[in-house]
Amino acid sequence: MAAVGDLRRDGYVVLPHAVGAGQLAGIRRELAPFLAGRFFGRNDFEGFRSERVYALLAKAPSVAALVEHPAVLELVDAMLHPNYLLSANLAINVHPGETAQTLHTDDGYCRIPRPREPMGVSAIWAIDDFTDDNGATELIPGSHTWGDEEPDPNDEGVLQVTMPAGSVVVFVGTLLHRGGPNRSDGTRLGITPQYCQPWIRQIENMTLAVPPSVASSFSPLLQSLLGYSIHPPFIGYVDGRDPRRLLTGDDRQTGASSGRASTRPAGPTW
Numbered sequence: 319m320a321a322v323g324d325l326r327r328d329g330y331v332v333l334p335h336a337v338g339a340g341q342l343a344g345i346r347r348e349l350a351p352f353l354a355g356r357f358f359g360r361n362d363f364e365g366f367r368s369e370r371v372y373a374l375l376a377k378a379p380s381v382a383a384l385v386e387h388p389a390v391l392e393l394v395d396a397m398l399h400p401n402y403l404l405s406a407n408l409a410i411n412v413h414p415g416e417t418a419q420t421l422h423t424d425d426g427y428c429r430i431p432r433p434r435e436p437m438g439v440s441a442i443w444a445i446d447d448f449t450d451d452n453g454a455t456e457l458i459p460g461s462h463t464w465g466d467e468e469p470d471p472n473d474e475g476v477l478q479v480t481m482p483a484g485s486v487v488v489f490v491g492t493l494l495h496r497g498g499p500n501r502s503d504g505t506r507l508g509i510t511p512q513y514c515q516p517w518i519r520q521i522e523n524m525t526l527a528v529p530p531s532v533a534s535s536f537s538p539l540l541q542s543l544l545g546y547s548i549h550p551p552f553i554g555y556v557d558g559r560d561p562r563r564l565l566t567g568d569d570r571q572t573g574a575s576s577g578r579a580s581t582r583p584a585g586p587t588w
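In terms of my numbering, the sequence shown opens at residue 319 and continues consecutively.
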C-alpha cells in the first residue's frame with residue numbers, strides 16, 4: 319500500500335473522499351444536539367472558540383464507521399502492534415475567531431526521548447471541507463523524525479492540510495501538528511480518532527466513556543479497540559477473564575488479536 323510508505327516517510331498521508339455524503343449527514347444529525355454553541359473549550363489548547371464532544375461513541379454511534387474504517391486501520395496496522403487500542407475519539411467544531419493551537423504531538427505524554435518510534439497514530443476526519451481559512455489542520459512534514467527540540471510556531475515548513483469533506487488525514491503520534499486559525503465566517507467540524515499501542519493507558523477511559531450497555535451494540539472489532547479485549551497473554555483481564563464476556567454474558571475464555579475474536583486462552587482465571 320503506497321499510503322504506508324508515505325506515512326513512514328512524511329509522517330502523514332491524506333486519504334481523499336474516504337466516506338460519502340450520506341454518512342457525513344448522519345454524523346451531523348447525531349452531533350447536532352451537542353454542538354449548539356453552548357460549551358466551548360476551557361483553555362487555549364482546547365480552544366475558547368471550539369466546541370469539543372467527548373465520549374463520542376456514546377453520543378453519536380455512527381462515528382463507529384470512521385473509527386473502524388478499513389483504509390485507516392490498514393495504516394494503523396502497519397505502524398502499531400496487534401491489539402492496539404482507541405486512545406481518544408472526539409469531535410472538534412472550530413468557530414470563527416478561533417486562534418491556532420500550539421504545535422504538539424499526540425503521543426507527547428509518553429515521556430520517551432526522541433527520535434523514536436510512534437506510540438500512537440491519529441486520524442482527523444473532515445466532516446466539513448477543510449479550507450485555507452477555516453481552521454484546517456496544520457502540520458510539519460518530516461517532524462516525526464526530530465529530536466526533543468522546541469518547535470518554532472512560525473516554522474516555514476508548516477503545511478495546511480486542506481481537503482474536501484469525507485476525507486481523512488492520518489499521521490503518526492510523533493508528528494508536530496496543530497489546529498489552524500479560523501478566519502472564515504463559518505464553522506469547521508472534524509472528528510479525530512487516536513489509536514495507541516496496546517500496553518499504553520488510553521487518554522480517554524473508553525470502557526467508562528462507552529460502557530458495556532452501549533459497547534454491546536458495536537462490532538467485535540470496535541469493542542476490542544475500546545478495551546473490551548485482551549493483549550496476550552493476559553493484559554486487560556477482568557476477574558481473570560476476557561472483558562468481552564461483560565458484553566456477551568459468555569463465560570468461555572476468548573482472546574483477541576487486532577480486534578478479532580480468537581480461541582487463544584486469555585490467561586489465568588485466578
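Just so you know, even glycine gets a beta-carbon here, dropped at the ideal spot from N, CA and C.
Computed from a prediction, not measured in an experiment: that's the story for all the values here.
Delimiting residues of the alpha helix (DSSP H) encompassing residue i
i: Arg-327; result: 320-328
i: Val-385; result: 382-385
i: Val-532; result: 530-533
i: Leu-375; result: 374-377
i: Thr-525; result: 524-527
Reduced DSSP category for residue i - H, G, I as helix; E, B as strand; rest coil
i: Ala-336; result: coil
i: Met-437; result: coil
i: Ile-345; result: helix
i: Val-488; result: strand
i: Arg-563; result: helix
i: Ser-502; result: coil
i: His-399; result: coil
i: Leu-540; result: helix
i: Ala-389; result: helix
i: Val-394; result: helix
i: Ser-547; result: coil
i: Pro-583; result: Low confidence applies here, because Pro-583 scores a pLDDT of 33, under 50, leaving its location unreliable; read the following figure in that light. Three-state DSSP puts Pro-583 in coil, outside helix and strand.
i: Thr-572; result: At Thr-572, the pLDDT of 44 sits below 50, so the modelled position is not reliable; the number obtained from the coordinates is stated separately. Coil.
i: His-462; result: helix
i: Pro-511; result: strand
i: Phe-448; result: strand
i: Ala-483; result: coil
Classification of residue i by the beta-carbon crowding that lies within 10 angstroms, buried from 16 upward
i: Ile-445; result: buried
i: Ile-410; result: buried
i: Arg-562; result: buried
i: Met-319; result: exposed
i: Trp-443; result: buried
i: Leu-349; result: buried
i: Ile-345; result: buried
i: Leu-393; result: buried
i: Ile-509; result: buried
i: Ala-527; result: buried
i: Gly-329; result: buried
Close Cβ partners of residue i (< 7 Å) along its chain, the five nearest in sequence each way excluded
i: Phe-536; result: Ala-382
i: Phe-352; result: Val-371, Lys-377
i: Gly-290; result: Residue numbering for the chain in the displayed model covers 319 to 588; residue 290 lies beyond these limits and cannot be assessed.
i: Gly-507; result: Residue identity differs from the one stated: residue 507 is Leu in this sequence, not Gly. Counting only Cβ-Cβ distances below 7 Å, and skipping sequence neighbours, we find Ala-409, Asn-411, Ile-445, Asp-446.
i: Met-437; result: Asp-425, Cys-428, Gly-491, Cys-514, Gln-515, Ile-518
i: Ala-483; result: Leu-342, Ala-444, Ile-445, Asp-446, Asp-447
Residues of its chain near residue i, where Cβ-Cβ distance is below 8 Å and the 5 sequence neighbours each way are ignored
i: Gly-475; result: Ile-458, Pro-459, Gly-460, Ser-461
i: Thr-420; result: Asp-362, Phe-363, Pro-471, Arg-496
Residue j beta carbon less than 8 Å from that of residue i
i: Leu-404; j: Leu-543; result: yes
i: Ser-485; j: Thr-449; result: no
i: Leu-342; j: Val-490; result: no
i: Pro-499; j: Trp-464; result: no
i: Asn-452; j: Gly-504; result: yes
i: Met-397; j: Val-439; result: yes
i: Leu-494; j: Pro-511; result: no
i: Leu-589; j: Val-556; result: Here the chain covers residues 319 to 588 and nothing more, so residue 589 does not appear.
i: Ala-336; j: Ala-389; result: yes
Boundaries of the beta strand (DSSP E) in which residue i is found, first to last residue
i: Glu-456; result: 455-457
i: Ser-368; result: 368-371
i: Arg-519; result: Note, Arg-519: premise wrong, no beta strand (DSSP E); not H, not E.
i: Arg-496; result: 495-497
Residues near residue i in its chain [Cβ-Cβ closer than 6 Å; skip 5 each side]
i: Glu-522; result: Ala-406
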